[in-house]
Amino acid sequence: MSLFSIEDRKKVMDYIISITENHEHIVALVAVGSGSYGFYDELSDLDFVIALDSDENMEIVMEYVRSQLYKCLDFIYYKKIPQRRLQVFLTDNFLEIDIGYGAYTRAAAIRRH
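Here the sequence shown is numbered in our numbering, starting from 20 and rising by one per residue.
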């Protein structure tokens, strides 16, 4: 196994953008963590929050995102944490992808970046 490259991370980020931009229940995809203000090193992971049209559609969207990522990537770890509204993925080249979910009506920035 090899470690992911900056180009690998960019391809995955672009893919996540592409699968989320036209979904009927997804209002926005927001980069958080180091990706929100520029990656500081070549080992930075991908952190996102997906804003939904309503909490009722969270399970539908979580399953959609999981299925789309599994079509394109190979994973050595996956965990869904519904109580935290979070999915954690680890690709076979050790890129970590963390995706949080929440209804748009509850979206708010609590800190800078």
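The beta carbon of each residue, even a glycine, is placed where N, CA and C say it ideally should be.
Tell me the rounded alpha-carbon separation between residue i and residue j.
i	j	result
Q87	Y123	22 Å
Y120	L22	27 Å
D60	E26	13 Å
T110	V84	15 Å
M77	K30	25 Å
For residue i, write down the residues that DSSP places opposite it in a beta bridge.
i	result
K98	V107
L48	I69
Assign residue i to buried or exposed, taking buried as 16 or more other Cβ atoms, counted over all protein chains shown, within 10 Å of its Cβ.
i	result
I36	exposed
I118	buried
Tell me, to the nearest whole angstrom, how far the beta carbon of residue i is from that of residue j; I am working on the premise that it is less than 8 Å.
i	j	result
F108	Y97	6 Å
**Message:** Can you confirm whether the segment 91-105 touches the segment 43-54 when touching is taken to mean that 3 or more C-beta pairs between the two stretches lie within less than 8 Å?
**Reply:** No contact exists between the segment 43-54 and the segment 91-105.
**Request:** Taking 8 Å as the threshold, find out whether the segment 37-46 comes into contact with the segment 66-84 through three or more Cβ pairs.
**Result:** yes
**Asked** Is the segment 81-97 touching the segment 56-64, taking contact as three or more C-beta pairs under 8 Å?
**Response** In this structure the segment 81-97 does not lie against the segment 56-64, because fewer than three pairs of beta carbons, one per stretch, are closer than 8 Å.
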